[in-house]
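Every letter in the sequence shown is one number past the one before it in my numbering, and letter 18, counting from 1, is 37.
Please read the structure below before turning to the comments.
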Amino acid sequence: MAARKQLALVEPGSRAPDFRLPRLDGGSTSLANLIAGAPVLLAFFKVTCPVCQMAFPYVERLHAAGYRVVGISQNEPGDTAEFNQEFGITFPTLLDAEESGFLVSNAYGISSVPTLFLIEPGATVTRVIEGWMKREMEWLGTQAGVLLFQPGAGALGLVYVIGAFAVLYGVILISLALRLRGHSRAAT
């Protein structure tokens, strides 16, 4: 983001700053339009952010379950469209790019991405999630009625990673042994 005096992050219980931003698919929308009748989850992101790349497929699952999600990209339209396609994002996306001075990101006090705000009708912020917090994502999943994570998948994933490293280590050892054997035969 542009070098500016950092505003404080909007906190739960406070009023969400109103805004109007261009939509990636054309036109524009305001916060008032987004929160009319139901809560909305605003998800601020940058396309180059590895945590956003990891988190947004889970946010997409919330949207697919009927939860109202709107992404707010800090990038240009082309890069944002490419990100959405690559990571399977189908929820509406707004643009708060650098050329506009990140007006909305600054109004919300964003200092890192992803940052998510759950905003109720009436513009009250009820939840703020900075970065990746599995517990917070599980809470959102509960609100949306969707299981975002498979029970035990974290431990199972770790077993697969350890197994993959063990196989790789074994291949490296065998390769070194074969090279050493080849060098010792050449020396005799």
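Here a beta-carbon is modelled for each residue, glycine too, at the ideal position from N, C-alpha and C.
DSSP bridge partner residues for residue i (one or two, in chain order)
{"i": "residue 140", "result": "The partner list for residue 140 (beta bridge, DSSP) is empty, contrary to what the question assumes."}
{"i": "residue 59", "result": "138"}
{"i": "residue 42", "result": "113"}
{"i": "residue 47", "result": "41"}
{"i": "residue 92", "result": "64 and 114"}
{"i": "residue 147", "result": "136"}
Close Cβ partners of residue i (< 6 Å) along its chain, the five nearest in sequence each way excluded
{"i": "residue 28", "result": "128"}
Burial state of residue i, where buried means 16 or more other Cβ atoms lie within 10 Å
{"i": "residue 153", "result": "exposed"}
{"i": "residue 196", "result": "exposed"}
{"i": "residue 73", "result": "exposed"}
{"i": "residue 103", "result": "buried"}
{"i": "residue 112", "result": "buried"}
{"i": "residue 97", "result": "exposed"}
Coarse secondary structure for residue i, derived from DSSP in three states
{"i": "residue 34", "result": "strand"}
{"i": "residue 54", "result": "coil"}
{"i": "residue 67", "result": "coil"}
{"i": "residue 154", "result": "helix"}
{"i": "residue 170", "result": "coil"}
{"i": "residue 78", "result": "helix"}
Same chain, Cβ closer than 8 Å to residue i, five either side skipped, listed in chain order
{"i": "residue 70", "result": "132, 133, 150 and 151"}
{"i": "residue 101", "result": "66"}
{"i": "residue 56", "result": "140"}
Cβ shell of residue i (< 7 Å), same chain only, five flanking positions each side left out
{"i": "residue 95", "result": "116"}
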